[in-house]
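Inspection log for the structure reproduced underneath, given as structure tokens.
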Amino acid sequence: MKINGLVFNEDVKDERGKKISRMMFDNNCRVVNEVNEYLWELEITKTNSYNTIKRYSDDICYFYNFLLANNIKLLDISSSSLSGFVNFLKKIRVKNYTGISKKKDI
């Protein structure tokens, strides 16, 4: 299967150049509104930490790219696709919930 680009995140900086947030874009460089609204809601209600928002946005980006690579639509997610996502994370060896860094082999 050929994939035309991947989902990606970009930093949002303030007028001094300090990283303050993240925005997600799809594989056609369009804003992913539902994710960006969720991240904005987190910033307003839960945390204003850039590092926390970065981690959330990176995790969501992995998930969206998994869906894209496996031709799964967001509304068609099943328990088997979630199991596949967990296996995908193990294969690329992302930082796990304990905070132990592991090599990414994408």
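The working numbering numbers the first residue of the sequence shown as 29 and each following residue consecutively. All C-beta atoms, glycine included, are put in the ideal place defined by N, C-alpha and C. All figures in this text were calculated on a predicted structure; none of them were measured in a lab.
Taking 8 Å as the cut-off, the beta carbon of I100 is found closer than this to the beta carbon of S109. Annotation for I48: no alpha helix (DSSP H) segment contains it, though the beta strand (DSSP E) segment containing it runs 47-53. Per the DSSP secondary-structure output, D39 pairs in a beta bridge with R50. Taken through DSSP and simplified to helix, strand or coil, V60 comes out as coil. Here DSSP, grouped into helix, strand and coil, assigns I100 to coil.
Here Y84 has L67, L70 as same chain residues with Cβ atoms under 7 Å from its own Cβ, once five neighbours each way along the sequence are excluded. Contact annotation: L96 and V35 have beta-carbon atoms nearer than 8 Å. At the C-beta level, D86 and N55 stay beyond 8 Å of one another. Its Cα nearest to that of C89, the residue R50 stands out among K74, S107, R50. Of the candidates S106, E62, Y92, N79, the residue whose Cα lies closest to the Cα of K46 is N79.
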